[in-house]
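First residue of the sequence shown? That's 134 in the numbering used here, and the numbers climb one at a time after it. Even for Gly, the Cβ is constructed at its ideal location relative to N, Cα and C. Worksheet: the structure to be examined is printed underneath.
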Amino acid sequence: LGLLELEGEIPPILVSLVHREKESIHMLDPSGNKEVKDELDECKENINMNMQRDIEFADIKTNERETLIGPTSLTSLHNALKKLGNPRKTLFKLRSTIGELIGQLEEMLGSRICSDENQLDGEGLKGDGRQQALSGVSLYKGETLLELTERWRFIYSRLYDEEKDLFDLSRIPDVHDNVRFDMLHNPHLGLTVTLDKLYATAKNFADCVVPQEYGTTLKEKRSIGSKMCRALLEKVKFDLIIARTDDQVDMRYMINMEYGNDLPINTMGRRIRTRLYFTSESHLHTLLNVLRFGGTEGQVSPLRDEGQEFIGNTPELCYLTQVVFRLFENPQRDMTDPKRFRVEVHFSAGATATPNHMAELTRDTDTVRFDTDGLTSIGRDGLTCSEMEEYLTSAITAGQTEHDNFGEEQSLSTSVHEWKKREKATVATTVGST
134 LGLLELEGEI
144 PPILVSLVHR
154 EKESIHMLDP
164 SGNKEVKDEL
174 DECKENINMN
184 MQRDIEFADI
194 KTNERETLIG
204 PTSLTSLHNA
214 LKKLGNPRKT
224 LFKLRSTIGE
234 LIGQLEEMLG
244 SRICSDENQL
254 DGEGLKGDGR
264 QQALSGVSLY
274 KGETLLELTE
284 RWRFIYSRLY
294 DEEKDLFDLS
304 RIPDVHDNVR
314 FDMLHNPHLG
324 LTVTLDKLYA
334 TAKNFADCVV
344 PQEYGTTLKE
354 KRSIGSKMCR
364 ALLEKVKFDL
374 IIARTDDQVD
384 MRYMINMEYG
394 NDLPINTMGR
404 RIRTRLYFTS
414 ESHLHTLLNV
424 LRFGGTEGQV
434 SPLRDEGQEF
444 IGNTPELCYL
454 TQVVFRLFEN
464 PQRDMTDPKR
474 FRVEVHFSAG
484 ATATPNHMAE
494 LTRDTDTVRF
504 DTDGLTSIGR
514 DGLTCSEMEE
524 YLTSAITAGQ
534 TEHDNFGEEQ
544 SLSTSVHEWK
554 KREKATVATT
564 VGST
């Protein structure tokens, strides 16, 4: 069912179905939950303390590694730490490479100023004239060479405190995002060698740091995950319930007929069952933690062992990462039979291709950058909808705190009846990053 029920081009169909409502925003905003914020801050403090120690990976025993980055089942974290070798030495290498990049950018700025001064017969550039000269290099989305240089200067100055001899590891994701951005969008600057070196180091460190921001131990991952994405879990559970019980209202969005004449859609009268939740990387990390480890110790995961291992081997949740829940009905079974409705869970890490190949002049003919990892089935075979709902209910209950943003009368799980009164939120059976 879902989008396959419609005939016509998919993009205009999607456009006609997009809704944005204030009621949806709280699902993505844990800022009002003091307990989550305190736990996240504690995780960042632990990362700052553990991940800038002057120790060699080869010399660390298994139990020490687990103290640093969590249990060995988190395979991608341990692989990333192995690539780092010595975290502290690698941090200084990272900082040095950023300094090298800034030096090259400053050299480009200097040569450009000299060139423009010569063109003006020695009169020099003053005020707006100098800024205009620095803006002459064409960069992505109108950014100037000076702005790009200042962007990297800012990161460099915030990464390391020389007086305290401490690194701020919360800046590591910024380094990773910025170097990836420049490799993707500014390859014509001729900084490929430096950017490649910086990207390799920054990615290994980000692969170690980012997942730990949502917990290092399994206990922390359960606690933060169940609290942080509680509202999202409740909405997924609600939509599963409606999908198998209500065939008339909530799960059947109609296309907005006001735009019917402008859209090349052949079947305007059809209804849609698909739900798309566009969310953040933080909520994807916590959602996956809940699916793997539950909200409380002892919960049986809805994921098969191979599925959990597959996620454990995934180093990064990239752009267009997806978690997909698919609900199937077997009409041959009685309505009271739990096996009448089954759920499949699929996962894709999104656009995982490295940006290195895009730093070449042939990047416009290289379509690999558009590819995303295919969906992999990670759910247990024969997982029933009732089992999935019970699992979500347990995780939701574990995520309740005295600092919840919304009262009992607003809780997504209070009753299906209350939700039917509300405007429908922008949600789906596919959860992905934007």
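By a beta-carbon distance limit of 8 Å, A528 contacts V423. Their separation comes to about 5 Å. Within its own chain, the residues whose Cβ lies closer than 6 Å to the Cβ of N446, once the five positions on either side in sequence are excluded, are T208, S209, listed in chain order. Secondary structure of G507 (DSSP, three-state): coil. The beta carbon of L201 lies closer than 6 Å to those of N183 in the same chain, with the five residues before and after it left out.
For the 7 Å CB-CB criterion, H416 and C362 form a contact. Residue pairing from DSSP leaves V169 without any beta-bridge partner.
DSSP places G440 within a helical segment (H, G or I) once states are collapsed to three. Considered as a whole, the stretch 301-349 harbours 305-318, 325-342 as its complete alpha helix (DSSP H) runs of no fewer than 4 residues, in chain order. The three-state reading of DSSP puts V433 in coil, since its state is none of H, G, I, E or B.
Note: D294 is bridge-paired with L299 in the DSSP secondary-structure output. Rounded to whole angstroms, the separation of the alpha carbons of A486 and T277 is 27 Å. Beta-bridge partners of H479 (DSSP): V457, S510. In terms of Cα proximity to G358, the closest of C176, G532, R475, D294 is G532.
The three-state reading of DSSP puts E462 in strand, counting E and B together.
In the same chain as E522, and ignoring 5 residues on each side of it, the C-beta atoms closer than 8 Å to its own belong to K370, L373, I374, in chain order.
Pairing G507 with L436 gives a Cβ-Cβ distance that is not under 7 Å. Secondary structure of L409 (DSSP, three-state): strand.
Only exposed fits Q465, as fewer than 16 other CB atoms lie within 10 angstroms of its CB.
DSSP, read as helix, strand or coil, puts T195 in helix.
For Q345 and C176, the gap between their C-alpha atoms comes out near 7 Å.
Burial of N337 is indicated by the presence of at least 16 other C-beta atoms within 10 angstroms of its C-beta. For Y273, no alpha helix (DSSP H) run applies, since DSSP gives it neither H nor E.
Sequence-distant partners of R291 (beyond 5 residues in either direction) whose C-beta falls short of 7 Å from its own C-beta, in its chain, are D301, R304. Assignment of T530 by DSSP, reduced to helix, strand and coil, places it in the helix class. Under the three-state reduction of DSSP output, T517 falls in the strand class. A Cβ-Cβ separation of about 7 Å places I231 in contact with I288 under the 8 Å criterion. CA-to-CA, the gap between E239 and I188 works out to about 34 Å. Taking a C-beta distance under 7 Å as the contact criterion, S434 and P471 do not qualify as a contact pair. With fewer than 16 other beta carbons inside 10 angstroms of its own, Y273 counts as exposed. Taking the CA atoms as reference points, K226 sits about 15 Å from A339. For C451, same chain residues with a beta-carbon under 7 Å away, outside a window of 5 residues either side, are A482, G483, A484, T485 in chain order. Around the Cβ of V501, a 10 Å sphere holds fewer than 16 other Cβ atoms; the residue is exposed.
Beta-bridge pairing by DSSP links F225 to no other residue.
In this structure N463 is exposed. Its beta-carbon is surrounded by fewer than 16 other beta-carbon atoms within 10 angstroms.
Note: F474 is bridge-paired with E462 in the DSSP secondary-structure output.
F426 counts as buried, since no fewer than 16 other beta carbons sit within 10 angstroms of its beta carbon.
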